[in-house]
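Below, the structure is given as structure tokens:
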């Protein structure tokens, strides 16, 4: 069975609702994550609750990635 | 993508046998929504459970209130469910849910089909209800972490 990471993403430093989604790759600091139209970088990851079956439950904090200016 | 392979990656169905998963997959209907399209509306009755398997949806409180400012509570992506509260307690929808992707794809299970499946197979019913409780708990933890 494939391990599935259910991740609670919380954006720091701004009023953002964050997101919950499943991924097959364990999030690690430095990863880039796209939520809707915006891109964020993972800052910190913790295991939120113990795993159950093939599901692991993670909490990751995100910081916004500055949008590139048009050339 | 067939419903069975989608259901295998959804926590709601963790712990079910292959036969039980196949039975539930037969109850699922697929729907797609464009960006901003309303899927459920706060205050309206609801009889369906939704499973996101592609794209994102946005959960908004007071989306159409003239007295309170709209507030996005969370974005839900692949593998997440919504609509479970009205499905279980038969109350009105607690929030408006809109597509936040150009092409959000969902699986939908109607309450009558869902209840028949749970009542007809008590193992299936127990596992799914336990997983709904765990999902609600996870959403509450997320909400505490966001401070919303």
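Residue numbers (the numbering used here), protein chains in the order written: chain A, 1 to 71; chain B, 1001 to 1148. Glycine is no exception: its CB is placed at the ideal position from the N, C-alpha and C atoms. Given the structure is predicted, the values throughout are model-derived calculations rather than measurements.
Only counting the same chain, and skipping five residues up and downstream in sequence, which positions put a Cβ closer than 7 Å to that of residue 1063 (chain B)?
Here residue 1063 (chain B) corresponds to residue number 63 of the second chain, with the count starting at 1. For residue 1063 (chain B), where only same-chain residues beyond five positions count, the Cβ hits under 7 Å are 1042, 1070 and 1096.
Verify whether the separation of the beta carbon atoms of residue 1109 (chain B) and residue 1048 (chain B) is less than 8 Å.
Counted from its first residue, the second chain places residue 1109 (chain B) at position 109. Counted from its first residue, the second chain places residue 1048 (chain B) at position 48. Their beta carbons are under 8 Å apart, which means residue 1109 (chain B) touches residue 1048 (chain B) by this criterion.
For a test of the three-state rule: what should DSSP assign to residue 1090 (chain B), helix, strand or coil?
The count along the second chain starts at 1 and reaches residue 1090 (chain B) at position 90. Residue 1090 (chain B): coil per DSSP, three-state reduction.
Name the chain A residues whose beta carbon is nearer than 8 Å to that of residue 1079 (chain B)?
Residue 1079 (chain B) sits at position 79 when you count from the first residue of the second chain. Those within 8 Å of residue 1079 (chain B) in chain A are 4, 6, 21 and 22.
Closest by CA to residue 26 (chain A), which one among A:47, A:11 and A:34?
If you number the first chain from 1, residue 26 (chain A) lands on position 26. Cα-wise, what sits closest to residue 26 (chain A) is A:47.
Determine whether the Cβ of residue 13 (chain A) lies closer than 8 Å to any Cβ atom of chain B.
Within the first chain, numbered from 1, the residue matching residue 13 (chain A) stands at position 13. Taking a beta-carbon distance threshold of 8 Å, residue 13 (chain A) does not count as an interface residue toward chain B.
Within 10 Å of its beta-carbon, does residue 1073 (chain B) have 16 or more other beta-carbons around it, so buried, or fewer, so exposed?
Translated into the one-based positions of the second chain, residue 1073 (chain B) becomes position 73. Counting C-beta atoms within 10 angstroms of its own C-beta, residue 1073 (chain B) has 16 or more neighbours from the protein chains shown and is therefore classed as buried.
Which of the three DSSP states is assigned to residue 1056 (chain B) in this structure?
One-based indexing of the second chain puts residue 1056 (chain B) at position 56. The answer is coil: DSSP assigns residue 1056 (chain B) none of H, G, I, E or B.
Contact between the segment 26-42 of chain A and the segment 1129-1142 of chain B: three or more CB pairs below 8 Å?
Taking one beta carbon from each stretch, the segment 26-42 of chain A and the segment 1129-1142 of chain B have fewer than 3 pairs nearer than 8 Å; the two do not touch.
First and last residue of the uninterrupted beta strand (DSSP E) at residue 8 (chain A)
The sequence position of residue 8 (chain A) within the first chain is 8, counting from 1. Taken as a continuous stretch (DSSP letters only), the beta strand (DSSP E) holding residue 8 (chain A) covers 4-11.
Suppose the cutoff is 8 Å on Cβ atoms and the five residues either side in sequence are ignored; what does the same chain contact list for residue 1022 (chain B) look like?
In the second chain, counting from the first residue as 1, residue 1022 (chain B) sits at position 22. By the criterion of a C-beta distance shorter than 8 Å, residue 1022 (chain B) is surrounded in its chain by 1004, once the five residues flanking it on both sides are discounted.
Chain B within 8 Å of residue 29 (chain A), Cβ atoms only:
The residue labelled residue 29 (chain A) in the question sits at position 29 within the first chain. It does not: the Cβ of residue 29 (chain A) has no partner Cβ on chain B nearer than 8 Å.
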